[in-house]
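Protein chains in written order, with our numbering: chain A, 1 to 308; chain B, 309 to 499.
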């Protein structure tokens with residue numbers, strides 16, 4: 001397994017998803033993965049760019065890919081939208097040499113050139129695929145026993161289809177990861193249903209409806225907590241629960257945490273280092289489960305120490 | 309050889325041209341099976357589903373299409389494109405229509421989407437990074453005074469929880485970055 005990666009945080013991880021950033025960095029370090037942040041990275045274009053200009057969208061991504069390539073590192077993105085954009089731009093640039101040449105002319109303005117040797121993956125791909133579930137299991141200190149988690153894949157981790165092993169409609173890698181850290185993934189029908197993305201700004205009514213559908217299904221599935229792989233999914237599902245409740249007269253109060261936060265808790269990393277505390281809906285079930293496991297571990301070790 | 313009379317491309321041809329440019333098959337392949345509409349999670353918020361929208365484009369009903377909110381309600385979840393049995397990517401069609409309606413300046417004025425998209429692109433071109441609070445002007449006044457106050461309250465909560473930056477982030481080599489962008493699009497009028 002490679003040990004060093006170019007880490008592309010993306011804009012959200014500097015602000016609304018700061019807890020994703022710190023927990024990603026902490027868990028990666030705990031697993032022996034070194035992240036080198038892409039130097040002077042720029043926005044990937046999110047979803048609005050291709051609404052205006054495809055070429056511009058590819059150019060924005062190409063700059064980041066070229067900077068990572070200069071360091072000889074493969075790219076890891078924790079945000080599903082960044083991952084999708086960087087991955088698809090990379091594919092276009094590899095498949096279409098004339099497009100790559102055209103965009104390289106633009107990159108010259110920043111003394112950059114992309115020759116298409118890079119590889120882009122999402123953070124969860126890196127953890128499950130390269131680090132591996134066995135290595136993750138071996139690192140678990142406090143398994144999240146009995147914690148019922150809804151694995152929320154969202155859209156851009158699995159769509160549009162790239163036709164690789166990670167985006168078949170029946171993939172279960174998120175569930176597998178949750179089992180590896182001792183948690184109990186629930187059967188969650190809406191795991192790949194859309195959270196509304198930027199509709200929360202452009203069409204609030206539609207966005208709140210889509211968020212409600214997912215919260216409803218998560219509760220029906222018996223989940224105590226929803227886990228996400230994307231900063232916008234997290235923001236929509238968590239920080240708009242009040243708005244959903246006001247709009248529909250519901251009473252949802254479901255914590256929504258990043259998979260890296262769950263991993264970190266299971267690894268025994270302190271909740272503060274994992275960015276807990278910035279939630280709109282406190283992650284009480286997660287922290288209580290971790291505290292229970294820590295106390296149990298202490299109790300079982302306790303007598304041994306005293307008898308020595 | 310007799311020269312054929314010059315005719316303007318039909319609305320469907322214009323849209324299909326754009327679709328091929330973005331790498332999806334054209335609307336001539338559509339069999340109106342409505343798989344796209346069935347797969348769409350947001351269809352209940354649209355004036356019409358994607359199947360009907362495609363039908364209207366094929367029938368040349370340009371005004372009806374441009375007056376609809378359908379492509380601005382699309383959240384780009386790509387469910388339709390995953391399921392279309394004819395290999396059309398309706399999610400790309402939605403992007404094409406967003407682009408087309410902005411070029412022609414023909415969209416419903418009560419929609420937030422066009423302003424939001426413009427603000428977004430402007431922000432990136434100016435700073436190299438996205439800055440969420442900067443997009444608020446596109447939608448913040450929509451919900452009236454009550455909506456505005458709730459929106460601000462929500463923002464303050466985000467700020468208190470350390471999840472909002474007061475000052476937009478900027479990349480370091482901004483001058484090079486802007487020069488790079490100007491090599492692929494005309495920056496005048498954007499930022």
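Quick reminder that beta carbons are idealized off the backbone N, C-alpha and C, glycines included. Computed from a predicted model, the values in this text were never measured in an experiment.
- Rounded to the nearest whole angstrom, the C-alpha separation of residue 251 (chain A) and residue 168 (chain A) is 34 Å.
- Taking a contact to require three or more Cβ pairs closer than 8 Å, the region 131 to 144 of chain A and the region 52 to 70 of chain A do not qualify as touching.
- Annotation: the continuous alpha helix (DSSP H) that includes residue 328 (chain B) extends over 319 to 329.
- At the C-beta level, residue 122 (chain A) and residue 77 (chain A) come within 9 Å of one another.
- Below the 8 Å Cβ cutoff, chain B contributes 350, 381 and 383 as neighbours of residue 199 (chain A), in chain order.
- Using beta-carbon distances, residue 339 (chain B) does not count as an interface residue toward chain A, since no partner is under 9 Å.
- Minimum Cα-Cα distance from residue 234 (chain A) among the listed residues A:1, A:12, A:3 and A:289 corresponds to A:12.
- Apart from the 5 residues on each side of it in sequence, residue 373 (chain B) sits with its Cβ closer than 6 Å to the Cβ of 364 and 365 in its chain, given in chain order.
- Taking residue 59 (chain A) as the centre and dropping the five residues before and after it, the same chain places the C-beta of 103 and 106 closer than 6 Å to its C-beta, in chain order.
- In the structure shown, the three-state DSSP call for residue 179 (chain A) is helix.
- For residue 473 (chain B), the closest of B:460, B:440 and B:450 by C-alpha to C-alpha distance is B:440.
- Proximity of chain B to residue 11 (chain A) at the Cβ level (cut-off 7 Å) is accounted for by 437 and 438, in chain order.
- At a cut-off of 9 Å between beta carbons, residue 450 (chain B) contacts chain A.
- Contact note: residue 14 (chain A) reaches chain B through 437, 473 and 477, using a C-beta cutoff of 9 Å and chain order.
- The Cβ-Cβ distance between residue 28 (chain A) and residue 74 (chain A) does not fall below 9 Å.
- A residue is called buried once 16 or more other Cβ atoms fall within 10 Å of its Cβ, and residue 220 (chain A), having fewer, is exposed.
- Distances from the CA of residue 469 (chain B) to each of A:8, A:19 and A:289 were compared; the closest alpha carbon is that of A:19.
- Counting C-beta pairs with one atom in each stretch, the region 377 to 386 of chain B and the region 155 to 167 of chain A have three or more that are closer than 8 Å, which means they touch.
- Between the region 317 to 336 of chain B and the region 344 to 356 of chain B, the count of C-beta pairs closer than 8 Å stays below three; the two stretches do not touch.
- When secondary structure is reduced to three states using DSSP, residue 332 (chain B) falls in the coil class, being assigned neither helix nor strand.
- Considering only beta carbons, the part of the region 212 to 241 of chain A lying closer than 8 Å to chain B consists of 213 and 239, in chain order.
- Contact between residue 200 (chain A) and residue 236 (chain A) holds: CB atoms are separated by about 6 Å, below the 8 Å threshold.
- Contact between the region 487 to 496 of chain B and the region 439 to 456 of chain B is absent: fewer than three C-beta pairs spanning the two stretches fall below 8 Å.
- Contact between the region 171 to 188 of chain A and the region 397 to 414 of chain B is absent: fewer than three C-beta pairs spanning the two stretches fall below 8 Å.
- Residue 434 (chain B) and residue 267 (chain A) have their C-alpha atoms some 41 Å from each other.
- Contacts between residue 104 (chain A) and chain B, judged by CB atoms closer than 7 Å, are missing: the closest CB pair is about 10 Å apart.
- Per the Cβ contact rule, the region 421 to 435 of chain B is not in contact with the region 390 to 401 of chain B (fewer than 3 Cβ pairs under 8 Å).
- Under the Cβ criterion (8 Å, minimum of three pairs), the region 284 to 293 of chain A counts as touching the region 141 to 153 of chain A.
- Here the alpha carbons of residue 47 (chain A) and residue 398 (chain B) stand approximately 15 Å from one another.
- Note that the C-beta distance between residue 214 (chain A) and residue 174 (chain A) is not below 9 Å.
- Secondary structure within the region 24 to 91 of chain A: the beta strand (DSSP E) runs of 3 or more consecutive residues, fully enclosed, are 34 to 37 and 75 to 77 (chain order).
- Using a C-beta cut-off of 8 Å, the region 192 to 208 of chain A makes no contact with the region 125 to 135 of chain A, since fewer than three inter-stretch Cβ pairs fall below that distance.
- Contact annotation: residue 489 (chain B) and residue 56 (chain A) have beta-carbon atoms nearer than 9 Å.
- In its chain, beyond the 5 residues on either side, 178, 183, 184, 185, 186, 223, 224, 225, 226, 227 and 262 have a beta carbon closer than 8 Å to the beta carbon of residue 149 (chain A).
- DSSP places residue 465 (chain B) within a helical segment (H, G or I) once states are collapsed to three.
- Within chain B, 470 and 471 have C-beta atoms less than 8 Å from the C-beta of residue 18 (chain A), given in sequence order.
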